[in-house]
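In my numbering, the protein residues as written are 114 to 654.
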């Protein structure tokens, strides 16, 4: 049987099976999961050793504490035969990349229960290019029931030792996301992988905006290891907001005014099924459904910074990013034309907002970011309370757009991110201000987001790294004529200003205070660069 060949159910996830490995007699590169032998491999404790057929070769297979290694068994060759060394070098996979194990059986038409045992199938996560993950299989063929039973039990014990991996998930699915494709995405790509892993699921189909928020306020979460949202940015932000609100309620905190919120009690997984998928793209480095699903299955947890948005001392919501001015007005226009397709209403709203481009007269106060080392130095100089009042800075004037972002905000129209210098959990936000300028210059600035050039290299663009921001609009019309005001704020309440918070429209009539709270929620996932720095441990060894 070809090595790494995918079964029918798994291959359907990617639109077809992988090509089988070429014959062993040809000079070929290593299997896709094989990497250079780790230096610590020799020091690992050997758990099991046996013979299996892998691909077309009988192999000496060694299961150790962290890896599964194998080498084809061949007759003794003359020393120094380089061709032999290339063809039959040792290969391995890391145990942390195995997410399920099954006994492989052949069933005939007359068999209804136990088929003929062929061996063991390992379901493996492969790391591909550009942060992409892919599922595959490795077949260990051996017809001995006793031999396979010993190895199967050991693999099951190892997988049970990964304590971060979820066993039960509550899933919120928004069927209206991106051309109503979210349901198909879940049942064709996500659910089969969860079933292979044996994860129990409780799927809730949301029926209207705010449905997930209302359900998460009261629903039973005991027995669940995590929450998963299948949808776009609006759905993901709503579920994250609901999880954090519930955490404050469970901690006995007043949710109207929260100075120091507590962490969310369950991690959140994001399956990208929307039109932009900024949150999932920023989290995984790629808006890829199978990648997001495998991060959830493998229990990869990434702590993420979250912002609180408050007005007149009252909490409006939790969120990850926001835009005021052009970004807010564009979303307000798009929301009024929900009958259009996502791409059509986005393009329409951008063109109309640019045609009516006017600045907002604002006063912006912000607290520059100080690392923990900076704070320790300040305290050593005699400022034990680090009052912060002497560090607040204020700017005012006419602003076309104000962006406040705690995550990079990667998306298809900004592959480097709207805030490329921001990370998921570095304890700071990016404050990006576009002052009043001509329409052509502002359009040049917007176009830079889709290119490799620096989108901030304009005299009217200012960037700051901050911990808190206060935005106070000083006029009620933002410099627009009454007719333009009516057109742009048809979806907004009287005397309110539209904000774009994670793709959701938020309206505020007064000063908005945005404050960062480090590592307030854990999300399933992370780009490979960030995950490479994390350690995944197995508790069973």
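Cβ coordinates follow ideal geometry from the N, Cα and C atoms, glycine included.
Near residue i, what residues of its chain come up, given a Cβ to Cβ distance below 8 angstroms and the 5 sequence neighbours on each side ignored?
i: residue 563; result: 526, 527 and 528
i: residue 504; result: 480, 481 and 483
i: residue 184; result: 172, 173, 201, 202, 203 and 204
i: residue 267; result: 160, 161 and 176
Could you give the residue range of the alpha helix (DSSP H) that holds residue i?
i: residue 359; result: 346–363
i: residue 482; result: Here residue 482 belongs to no alpha helix (DSSP H), and DSSP marks it neither H nor E.
i: residue 506; result: No alpha helix (DSSP H) holds residue 506; the beta strand (DSSP E) holding it covers 506–518.
i: residue 422; result: That residue, residue 422, is in no alpha helix (DSSP H); its beta strand (DSSP E) goes 414–424.
i: residue 305; result: 304–310
i: residue 555; result: 552–561
i: residue 331; result: 324–331
i: residue 295; result: 295–298
From which residue to which residue does the beta strand (DSSP E) around residue i run?
i: residue 373; result: That residue, residue 373, is in no beta strand (DSSP E); it is neither H nor E in DSSP.
i: residue 314; result: 313–318
i: residue 264; result: Per DSSP, residue 264 belongs to no beta strand (DSSP E); it is in the alpha helix (DSSP H), 258–273.
i: residue 456; result: Where residue 456 is concerned, there is no enclosing beta strand (DSSP E), although the alpha helix (DSSP H) it sits in stretches over 455–468.
i: residue 432; result: 427–432
i: residue 382; result: 381–385
i: residue 450; result: Per DSSP, residue 450 belongs to no beta strand (DSSP E) and is neither H nor E.
i: residue 576; result: 574–586
i: residue 395; result: Careful: residue 395 lies outside any beta strand (DSSP E), inside the alpha helix (DSSP H) at 391–397.
i: residue 54; result: The structure shown has nothing for residue 54, since the chain only spans 114 to 654.
Is the beta carbon of residue i sitting closer than 8 angstroms to the one on residue j?
i: residue 232; j: residue 252; result: yes
i: residue 477; j: residue 545; result: no
i: residue 663; j: residue 420; result: Here the chain covers residues 114 to 654 and nothing more, so residue 663 does not appear.
i: residue 518; j: residue 543; result: yes
i: residue 541; j: residue 580; result: yes
i: residue 383; j: residue 638; result: yes
i: residue 352; j: residue 409; result: no
i: residue 548; j: residue 513; result: yes
i: residue 350; j: residue 616; result: yes
i: residue 468; j: residue 613; result: no
i: residue 283; j: residue 326; result: no
i: residue 235; j: residue 261; result: no
i: residue 339; j: residue 286; result: no
i: residue 345; j: residue 390; result: yes
i: residue 586; j: residue 475; result: yes
i: residue 454; j: residue 292; result: yes
i: residue 569; j: residue 554; result: no
i: residue 166; j: residue 254; result: yes
i: residue 516; j: residue 441; result: no
i: residue 376; j: residue 634; result: yes
i: residue 313; j: residue 281; result: yes
Short of 7 angstroms in beta carbon distance, which residues of its chain neighbour residue i, apart from the five on each side in sequence? Order them along the chain.
i: residue 399; result: 243, 244 and 245
i: residue 269; result: 214
i: residue 220; result: 228
i: residue 447; result: 458, 459 and 462
i: residue 368; result: 358, 361, 362 and 428
i: residue 159; result: 175 and 177
Cβ-heavy atom distance between residue i and the ligand GDP below 7 angstroms?
i: residue 343; result: With respect to small molecules bound, the structure shown includes none, and the ligand GDP cannot be examined in it.
Ordered along the chain, which non-local residues of its own chain (more than five positions away) have a Cβ less than 6 angstroms from that of residue i?
i: residue 496; result: With a pLDDT of only 46 at residue 496, under 50, the local geometry of the prediction cannot be trusted, and the value read off the model is given with reservation. Cβ neighbours of residue 496 beyond the five flanking positions: none.
i: residue 523; result: 394, 395 and 530
i: residue 465; result: 446
i: residue 636; result: 381, 396, 415 and 417
i: residue 272; result: none
i: residue 407; result: 238 and 246
i: residue 296; result: 288
Of all Cβ atoms in chain C, is any one closer than 8 angstroms to the Cβ of residue i?
i: residue 304; result: Absent here is chain C; the protein component of the structure consists of one chain.
Item to check | Cβ contact check for the stretch 395–414 and the stretch 621–632: 3 or more pairs under 8 angstroms | outcome: no
Item to check | Segment contact flag, the stretch 352–370 with the stretch 202–215, C-beta cutoff 8 angstroms, min 3 pairs | outcome: no
Checklist entry - Within the chosen definition, does the stretch 361–370 reach the stretch 415–430 through at least 3 CB pairs nearer than 8 angstroms? => result yes
Checklist entry - Taking contact to mean at least 3 C-beta pairs separated by less than 8 angstroms, is the stretch 371–390 in contact with the stretch 298–315? => result yes
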